[in-house]
Amino acid sequence: MIDGYLTTGGGTITGVGNSPPGCNVIDLGESYIAPGFIDLHIHGIHRMLVDNGAEDLKGISKTLPQYGVTGFLPTLVPRPKGEDAIFLSELSTTETEGAEILGFHLEGPFLKITGALAAEAVSGADEERVSSLIDAARPYKVIFSISPDVSGIEKMIPLMATNGTPVFMTHTAATVEQMRQAIALGTRHATHFYDVFPCPTVSEPGVRPCGAVEVILADERVSVDFILDGVHVDPVAVKMALISKRKGPGKVCLITDANVGAGLEPGQFSFRDSGDIYFEYKGAPARSVKDNTLAGSGLTMDQALRNAVKWLDLDLVQASKLVSHHPAQVLGLGHRKGLLEEGYDADFVVLNNDLNVLQTWIKGNCFYEK
């Protein structure tokens, strides 16, 4: 953490430290400047949901800078085959302003366990479907979240990982062998880690079995993200990941997995085919009205940062990496996003002493001011 100036021009950071003569100077007082937040997994915010279509996607992009987010992966739940590619094509051609779309994240359909998703989340191997979804997302990349224990998934992972595209793992009870195979084929990130990663069945009394979680923690090539809202995962699991990934820089990230209703006061909202959800308090986990199970979160990225400082014993510099540069590295953007360094995109957030968002700047322009 340093005192001084941050200079920008042409949408990038042109200097850090001293201010060149002739610059227009904005005095931010005792505020902090941190890299803009990047959310790898978000379904919605306020009364908007990515799966509702283009208008909601526009609104989400405009709203997210309020919470310090400058880039994100709009996350979709599965639709029937054919319909999914048509819908994705409509979203990929939508013009937005605000937080930058860094790709589209498909949570399904190649999953083994549905979790809070509708039955369409479960699908067998289908290379033609993968290709059609990749084509539909252009000019963006499509990031697939898959289960390594889906039959035939080994044939699809190399296709999903073309052009350096990350492939995420989730909703899985895969064996050690299945996990190792998926990682070897190019699946290198686990999303909402610890959630819908069930414990393996004990086969030898007194012997704790190993499965997906242990393989992920043991492999330095694999990055992880957590929903740090105090319910989805115990902070001790995040601390364990930070220790186990020390030799693999940038391997631990925070996400929101935010659902419609996130950022609002408590209430009940519609999560499309998955049914109604509710929040007990602002920022609470989303729960299904039908059976009270978890269905995403009401977390926002600024709150995730504050939680990291409070619960993980991290300082602001360390915590900010979990919501900025580490996610950028997962997406292959670590060379231009997530750091306050010369040549990087001028995406940054201004925070007060309580780490609340005062301003959010995107490509050198102030998009949000409280």
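If you use this note's numbering, the sequence shown corresponds to residues 404 to 773, in order. All residues carry an ideal CB built from backbone N, CA and C; glycine is no exception. Keep in mind that this is a model prediction, so the values were computed, not measured.
Identified DSSP bridge partners for histidine 592: In the DSSP output, where bridge partners are listed per residue, histidine 592 has Phe571, Ser626.
ask   = What distance in whole Å lies between the Cβ atoms of isoleucine 546 and isoleucine 556, which are believed to be in contact at a cut-off of 8 Å?
value = Not confirmed; about 15 Å, so no contact.
Report task. Return the CA-CA distance between aspartate 406 and serine 554, expressed in angstroms with no decimal places. Result -> Roughly 54 Å between the two C-alpha positions.
Status (buried if at least 16 other CB within 10 Å, exposed otherwise) for proline 483 = By the neighbour-count rule (16 or more Cβ atoms within 10 Å), proline 483 is not buried but exposed.
Just the C-alpha distance for valine 419 and alanine 707, rounded to the nearest angstrom, thanks. Valine 419 and alanine 707: Cα-Cα distance of roughly 26 Å.
Original post:
What is the rounded straight-line gap between the Cα of serine 723 and the Cα of glycine 414?
Top reply: In a straight line, the C-alpha of serine 723 is about 21 Å away from that of glycine 414.
* What is the DSSP secondary structure of threonine 812, reduced to helix, strand or coil? -> No answer is possible for residue 812: it lies beyond the span of the chain, which begins at 404 and ends at 773.
Requested in this report: Indicate the three-state DSSP secondary structure (helix, strand or coil) for histidine 446 in the structure shown.
Outcome: DSSP places histidine 446 in coil when its eight states are reduced to three.
Quiz prompt | Pair within 9 Å by beta-carbon distance, proline 638 and threonine 590 | solution = No, these two residues do not count as a Cβ contact at 9 Å.
Which residue or residues does DSSP assign as beta-bridge partners of cysteine 769? DSSP output for cysteine 769 lists Trp764 as bridge partner(s).
- DSSP on alanine 665, reduced to helix/strand/coil? Here alanine 665 sits in coil by DSSP.
For arginine 690, does the three-state DSSP call read helix, strand or coil? DSSP places arginine 690 in strand when its eight states are reduced to three.
Where histidine 728 falls, given that 16 or more other Cβ within 10 Å makes a residue buried: Buried, by the Cβ-count rule.
Problem set entry | For leucine 754, three-class secondary structure by DSSP | Three-state result, leucine 754: strand.
Practice problem: Rank Asp454, Ile441, Tyr684 by C-alpha distance to the C-alpha of phenylalanine 674 and give the top, closest one. | Solution: It is Asp454.
* Under 9 Å between C-beta atoms of leucine 588 and alanine 564 -> Yes; because the gap between Cβ atoms is below 9 Å, this pair is in contact.
Considering only the beta carbon of each residue, do threonine 466 and glycine 666 sit closer than 9 Å?
Yes, the pair counts as a contact, with Cβ atoms nearer than the cut-off.
Closest Cα partner of glutamine 581 within the set Glu607, Leu562, Glu617
The option with the nearest alpha carbon to glutamine 581 is Glu617.
Query raised in the report: Can the beta-carbon of aspartate 711 be found less than 9 Å from the beta-carbon of serine 700?
Result: Per the sequence shown, the amino acid found at residue 711 is alanine instead of aspartate. Going by C-beta atoms, alanine 711 is not nearer than 9 Å to serine 700.
task = Using the Cα positions of glutamine 721 and phenylalanine 629, report the straight-line distance between them to the nearest angstrom.
result = Using only the alpha carbons, I get a separation of about 16 Å.
Quick check on this structure: which residue in Val610, Phe513, Leu443, Ser606 has the alpha carbon closest to the alpha carbon of histidine 595?
Comparing Cα positions, the closest option is Leu443.
Discussion item. Using only CA atoms, which one of Leu719, Leu761, Val634, Gly506 lies nearest to glycine 432?
Written reply: For the set Leu719, Leu761, Val634, Gly506, the Cα lying nearest the Cα of glycine 432 is the one of Leu761.
Environment of glutamine 671 [buried if 16+ CB atoms lie within 10 Å]
In this structure glutamine 671 is exposed. Its beta-carbon is surrounded by fewer than 16 other beta-carbon atoms within 10 angstroms.
Same chain, Cβ closer than 7 Å to proline 423, neighbours up to 5 away in sequence not counted: Excluding residues within five positions, the ones whose Cβ falls inside 7 Å are Thr410.
**OP:** Report the three-state DSSP secondary structure of threonine 499 (helix, strand or coil).
**Re:** In the structure shown, threonine 499 sits in coil (DSSP, three-state: anything other than H, G, I, E or B).
### Burial state of asparagine 662, where buried means 16 or more other Cβ atoms lie within 10 Å
Burial state of asparagine 662 is buried, judged by a 10 Å Cβ sphere holding 16 or more other Cβ atoms.
Fill in: Presumed contact (8 Å Cβ cut-off) between leucine 505 and isoleucine 441, rounded CB distance
Separation of the CB atoms of leucine 505 and isoleucine 441 is rounded to 7 Å, and the pair is thereby assigned contact status at 8 Å.
Requested in this report: Compare the C-beta of phenylalanine 770 against all C-beta atoms of chain E and say whether one is closer than 9 Å.
Outcome: Among the protein chains of the structure shown there is no chain E, as only one such chain exists.
So, at 7 Å on beta carbons, what are the nonlocal neighbours of aspartate 748 in its own chain, with the 5 sequence-adjacent residues on each side left out?
Taken in chain order, the residues that qualify are Gly414, Thr415, Arg739, Lys740, Lys766.
_Taking the alpha-carbon of histidine 449 as reference, which of Tyr470, Lys650, Leu657, Glu772 has the nearest alpha-carbon?_
The residue with the shortest Cα to Cα distance from histidine 449 is Tyr470.
Original post:
Should alanine 457 and leucine 494 be called a contact, given that it needs their Cβ atoms to be closer than 9 Å?
Top reply: With respect to the 9 Å criterion, alanine 457 and leucine 494 are classified as neighbours on the basis of their beta carbons.
Quiz prompt | Nearest neighbour of alanine 488, chosen from Val533, Thr473, Lys461 [CA to CA] | solution = Checked all of Val533, Thr473, Lys461; the closest Cα to alanine 488 is Val533.
> So, is tyrosine 684 buried or exposed, given that buried needs 16 or more other C-beta atoms within 10 angstroms?
Replying inline: Flag for tyrosine 684 reads exposed.
For lysine 773, which residues from the same chain have a beta carbon less than 6 Å from its beta carbon, with the 5 sequence-adjacent residues on both sides left out?
Non-local C-beta neighbours of lysine 773 in its own chain, meaning closer than 6 Å and more than five positions away in sequence, comprise Leu761, ordered along the chain.
| By DSSP, does proline 438 sit in helix, in strand, or in coil? | The answer is strand: DSSP assigns proline 438 an E or B state.
Notebook entry, point to check: Taking the alpha carbon of threonine 517 as the point to measure from, which residue in Lys713, Ala698, Leu754 has its own alpha carbon closest?
Noted result: Looking at the Cα atoms, Ala698 is the closest of the given residues.
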